[in-house]
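K.L.:
One structure, pasted below without further comment.
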Amino acid sequence: MDPRTSLHLARFVAEMLASFTLSLAVLKTVGLSDSKQLTPTRIMHFRMIFEAIFQNPDRVVWNIFKRIAATPDLETLRNGIKFFIREYVVSRNKGFAGKFKVAKRALNSVEVLLY
Numbered sequence: 001m002d003p004r005t006s007l008h009l010a011r012f013v014a015e016m017l018a019s020f021t022l023s024l025a026v027l028k029t030v031g032l033s034d035s036k037q038l039t040p041t042r043i044m045h046f047r048m049i050f051e052a053i054f055q056n057p058d059r060v061v062w063n064i065f066k067r068i069a070a071t072p073d074l075e076t077l078r079n080g081i082k083f084f085i086r087e088y089v090v091s092r093n094k095g096f097a098g099k100f101k102v103a104k105r106a107l108n109s110v111e112v113l114l115y
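Position 10 of the sequence shown, counted from 1, bears residue number 10 in the UniProt record's numbering, the numbering being contiguous throughout.
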């Protein structure tokens, strides 16, 4: 997939996540911490998704990540997301560190959604 198409798809997926039409659980089969599955093209695509998510207000970021926090079956996904964002998103753009903190707190919480 060419980079422009990937960018448009990433923005679309981020918008679907922000509107709660999709859940981050759709990434369960991706293996965000598996270096064999993470080709440079996939890294770029998923990085664009998380960067687009982080363009939203903190409460939206919180709610996107909170949706997968309480499900025990998604622990591997939560760990993979934290790894991926730390290694491929925040390491390239320190400006996302604050949003990453919000996401980590949401992933580790058992509180209710903030609307």
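Where is the CB? At the ideal position from N, CA and C, for every residue including glycine.
What residues in its chain sit with their C-beta under 6 angstroms from that of G80, if we drop five residues either side in the sequence?
P.N.:
L32, S33.
K.L.:
Cα separation between K94 and K104?
P.N.:
Straight-line Cα distance between these residues: approximately 15 angstroms.
K.L.:
CB-CB under 6 angstroms to P3, same chain, minus the five flanking residues each way: which ones, in chain order?
P.N.:
So no residue of the chain qualifies.
K.L.:
What does a CB cutoff of less than 6 angstroms around D58 pick up in its chain, not counting 5 residues either side in sequence?
P.N.:
Same-chain partners within the cutoff: V102.
K.L.:
Determine the contact status of F96 and V89, defining contact as a CB-CB distance below 8 angstroms.
P.N.:
Result yes, Cβ atoms of F96 and V89 sit closer than 8 angstroms.
K.L.:
Roughly how many angstroms separate the alpha carbons of T29 and V13, rounded to a whole number?
P.N.:
Whole-angstrom Cα-Cα distance: 16 angstroms.
K.L.:
Extract the residue ranges of the alpha helix (DSSP H) inside the segment 51-77, only unbroken runs of 4 or more that lie entirely within it.
P.N.:
Taking only runs of at least 4 residues, the alpha helix (DSSP H) segments lying wholly in the segment 51-77 are 58-66.
K.L.:
Are A18 and M48 touching if we call contact CB-CB under 8 angstroms?
P.N.:
Contact flag unset, no.
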